[in-house]
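When you number the sequence shown by this note's numbering, it's gap-free, plus one each residue, and the end is 659. See structure below.
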Amino acid sequence: MKYDLEHEDLISIIKNTDEHDLGDLCHDIREFLIQKISRTGGHLASNLGVVELTIAMHKAYDSPNDKLIYDVGHQTYVHKIITGRAGEFDTLRKFKGLSGFPKSYESVHDAYDTGHSSTSLGAAAGYAVARDLRGEDNNVVALIGDGAMTGGLVYEALNNIGSSRLNIKIILNDNGMSIAHNVGAMSKHLQRLRSSSNYINAKKSIRTSLDNVPLIGKSISKGISRTKSRIKLSVLDQQGIIFEELGIKYIGPVDGYDIPKLLGAFRAANAVDGPTLVHVITKKGQGYSWSEKYPRKFHGVGPFNISNGNLLSSDCVSKPVSFSEVFGNKLLDLARQDDRIVAITAAMGTATGLGPFYEAFPDRFFDVGIAEQHAVLFAAGLAKAGMIPVAPIYSSFLQRAYDQLIEDVCIQNQHVIFGVDRAGLVGADGETHHGAFDLSYLSSIPNMTVLAPADGTQLEEMLDYAINEMNSPVAIRYPRGSSKFKHLKLRPFAGKNIGLSKGSDVTILAVGSMLDTALEAARALMAEGYSVGVTSIGVVAPFEEALTEINTELVVTIEDNTKRGGFGENFAAAAITCGHSYGVINIAIPDEFVGQGSIEQLRDECGMMPDDIVKGAIEYFERKA
């Protein structure tokens, strides 16, 4: 490598290097990303696609004085390298290590913390107004991908930005994908802009015509080229009319791998006093053949073999079946039996296990883009019209649709089934992606039934029950990862919680997949001489008051949800109301935002391991002795 990325001042290098001579730096950054992420895992394809674009942004703008705000945030690895964090990449997404997303606690160059999509424009608007109120003159720059343009928050922000004439520079990174290929009318509009030659042809035609004017034509042509208000696409043809009509000047499309052209577009944008959008065309996975060929696979990838692109885990044993796959396969089986069943995804079809459903029933599969609020409202409309909509959505993303869950689904008691995927602690993506709150925010809504399977078999049973035995809202929450656990086969699910054993000293109530942890703790406590019973809690809401009828001295609840408002807290309140005097220990995610790391590391940090149950129980009895 020409550059020592871990030790050199890359911002100074970018500022002081001619814009035509930055190719070596781009090459070195790409090689660095491939080498590091092949060992740590992470978001590779999106970052390979924005190397030149990120370098151009740092050359055109003066971070941290100028505020660079990234949407979603998983494409900030290049930004992190440039701003002095290359030496920390061996810890990327690891416990206590470098985050995979912008974090203001890491660097002054991270202007805004992001993890979910479609937020950059609203945050930029806030920054711009604060700047203007203080009489400052720095730039506010928002980088947003075309996938995020499907989110409703974007259009609320654009409406505000355009009507208020806020001086914000918007860079639209258009690679035609979010995780999968984008959908919707805006995606089609951007595709037309992306493939259009009108802009280029129009510029050539005008220059040719002017050059042919006797005596003065060439001088006029040169003058137009030199002026800061260069002829823009929005003037020459009206394909950028959507943005123009919102009061936002449109420049582009621009080749995302031509740094001089990128800088020219940024200079043109900076010359405009008001909001401007620069439309940049990139390719997800650029510069590494396997990620170019399989951009979806390399969006978020585990450690892999650079030479063939294979995941290192696949070189050893077959991958266990995940909860998401179980959900998708069972839904497909049920859909073959009932043509009222339709599937909805918010740009996460493959990730939530819906790939087989789409292949079998493309006319009953609906990808609404990154638009969870619309997904829930759309599902409510389908249910009202007599269909049975099933929408698997990540727990942390479903939070965005809380109003629709209440107003459109639960108040109207619609038969909508939600697969609450990635519930609980999810690992390396950290606090923005943990599904730590779903039991709290779902259980509090009247008419909502909340189910939590202990394993894949029970998930299948619960999905069947929700579709065929119920006629009201149902949320089935399940964790990331393997659906196979070590506990004995449970009795078939029939809408009730399942008592596995009874004890005279301790009863452990285990929510969903925390059953394995509970059983391990029970065995350890019995080895210490305690009599222990275990109940598998599959029905979290509505709360079964009969659960409080327990004849032991101590009840321990365990769940992978925040303690506040969770099952354990609801149980303790009900026990007090019913006049029970046994002790209660609630083991759950503490009242704080949990960082990144392996799920086991995070559970250990949160005090959610079998040893924590054992320790808490023993200490309780020692205090009573």
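Virtual Cβ for every residue (Gly too), placed ideally from N, Cα, C.
If you follow the beta strand (DSSP E) that residue i is in, where does it begin and where does it stop?
{"i": "THR669", "result": "The chain is shown only over 35 to 659; residue 669 falls outside these bounds and no answer can be derived."}
{"i": "HIS313", "result": "310-315"}
{"i": "PHE431", "result": "Here PHE431 belongs to no beta strand (DSSP E); instead the alpha helix (DSSP H) covers 429-432."}
{"i": "GLY453", "result": "451-455"}
{"i": "LEU102", "result": "101-104"}
{"i": "ILE510", "result": "508-511"}
DSSP state of residue i, grouped into three classes?
{"i": "ARG120", "result": "In the sequence under discussion, the amino acid at residue 120 is Ala, which differs from the Arg named in the question. DSSP places ALA120 in helix when its eight states are reduced to three."}
{"i": "ALA159", "result": "helix"}
{"i": "LYS331", "result": "coil"}
{"i": "ASP289", "result": "strand"}
{"i": "LYS36", "result": "coil"}
{"i": "SER133", "result": "coil"}
{"i": "LYS283", "result": "strand"}
{"i": "PRO426", "result": "strand"}
{"i": "LYS658", "result": "helix"}
{"i": "SER516", "result": "strand"}
{"i": "SER151", "result": "coil"}
{"i": "LEU126", "result": "coil"}
{"i": "ILE276", "result": "helix"}
{"i": "MET183", "result": "helix"}
{"i": "HIS41", "result": "coil"}
{"i": "SER477", "result": "helix"}
{"i": "GLY169", "result": "coil"}
{"i": "GLU441", "result": "helix"}
{"i": "ALA414", "result": "helix"}
{"i": "LYS295", "result": "helix"}
{"i": "GLU140", "result": "coil"}
{"i": "GLN320", "result": "coil"}
{"i": "ASN304", "result": "helix"}
{"i": "ALA419", "result": "coil"}
{"i": "TYR146", "result": "coil"}
{"i": "SER325", "result": "helix"}
{"i": "ASN235", "result": "Residue placement at ASN235 is poorly supported in this model, since its pLDDT is 42, which falls under 50; the coordinates are not used for a value here."}
Any idea which residues DSSP pairs residue i with across the strands?
{"i": "ILE204", "result": "ALA176, LEU311"}
{"i": "ALA469", "result": "One point to set straight first is that residue 469 is Gly, not Ala, in the sequence displayed. Answer by DSSP bridge pairing, in chain order: GLY458."}
{"i": "LEU345", "result": "PHE338"}
Alpha helix (DSSP H) containing residue i: first to last residue?
{"i": "ARG64", "result": "57-74"}
{"i": "LEU497", "result": "490-502"}
{"i": "GLY458", "result": "Careful: GLY458 lies outside any alpha helix (DSSP H) and carries neither H nor E."}
{"i": "TYR111", "result": "111-114"}
{"i": "GLY107", "result": "That residue, GLY107, is in no alpha helix (DSSP H); it is neither H nor E in DSSP."}
{"i": "GLU86", "result": "85-94"}
{"i": "GLY196", "result": "186-198"}
{"i": "ALA79", "result": "79-82"}
{"i": "ILE48", "result": "44-50"}
If we cut at 8 Å on Cβ distances, does residue i have a partner in chain B?
{"i": "ARG456", "result": "Of the chains in the structure shown, none is chain B; there is only one protein chain."}
Contact the region 531-538 vs the region 495-513: 3+ CB pairs below 8 Å: They do not touch, by the three-pair rule.
Given 8 Å, three or more beta-carbon pairs between the region 436-456 and the region 603-623: When Cβ pairs closer than 8 Å are counted between the two stretches, the region 436-456 is seen not to touch the region 603-623, the count staying below three.
Beta strand (DSSP E) runs wholly inside the region 355-408, at least 3 long, in chain order: Entirely contained in the region 355-408, the beta strand (DSSP E) runs reaching 3 residues are, in chain order, 375-379, 399-401.
Segments of 3+ residues assigned as beta strand (DSSP E) that fall wholly inside the region 518-604: For secondary structure counted as the beta strand (DSSP E) over 3 or more consecutive residues, the region 518-604 holds these complete runs in sequence order: 532-535, 540-545, 566-571, 573-575, 588-596.
Segments assigned beta strand (DSSP E), at least 3 residues, entirely inside the region 604-653: 617-623, all fully within the region 604-653.
The region 551-566 contacting the region 447-459, beta-carbon criterion three pairs below 8 Å: Contact fails between the region 551-566 and the region 447-459, because fewer than three Cβ pairs, one in each stretch, are under 8 Å apart.
Any 3 or more C-beta pairs closer than 8 Å across the region 45-54 and the region 65-72: The region 45-54, when compared against the region 65-72, does not touch it at the 8 Å Cβ threshold.
Sufficient close CB pairs (3 or more, under 8 Å) joining the region 167-176 to the region 87-104: Contact annotation: the region 167-176 touches the region 87-104, with at least three C-beta pairs closer than 8 Å.
Given 8 Å, three or more beta-carbon pairs between the region 81-91 and the region 104-116: At 8 Å Cβ cutoff, the stretches touch.
Sufficient close CB pairs (3 or more, under 8 Å) joining the region 324-343 to the region 286-299: Segments in contact, no.
Inter-stretch contact (C-beta, 8 Å, three-pair minimum) for the region 639-652 and the region 137-147: No: fewer than three Cβ pairs fall under 8 Å.
Inter-stretch contact (C-beta, 8 Å, three-pair minimum) for the region 189-196 and the region 408-421: At 8 Å Cβ cutoff, the stretches do not touch.
Stretch pair the region 382-392 + the region 357-366: three plus CB contacts closer than 8 Å: A contact between stretches requires three or more CB pairs, one per stretch, nearer than 8 Å, and the region 382-392 meets this requirement with the region 357-366.
The region 415-424 / the region 472-490 touching (three or more Cβ pairs under 8 Å): Verdict: no, contact absent.
Stretch pair the region 583-599 + the region 493-508: three plus CB contacts closer than 8 Å: By the Cβ test, the region 583-599 is not in contact with the region 493-508, since fewer than three Cβ pairs between them sit closer than 8 Å.
Meets three-Cβ-pair contact criterion under 8 Å: the region 462-472 and the region 147-158: Cβ pair count under 8 Å is three or more, so yes.
Stretch pair the region 515-527 + the region 540-551: three plus CB contacts closer than 8 Å: Of all C-beta pairs linking the region 515-527 to the region 540-551, three or more are shorter than 8 Å, placing the two stretches in contact.
Three-pair Cβ contact test at 8 Å for the region 192-202 versus the region 304-313: The region 192-202 vs the region 304-313: in contact.
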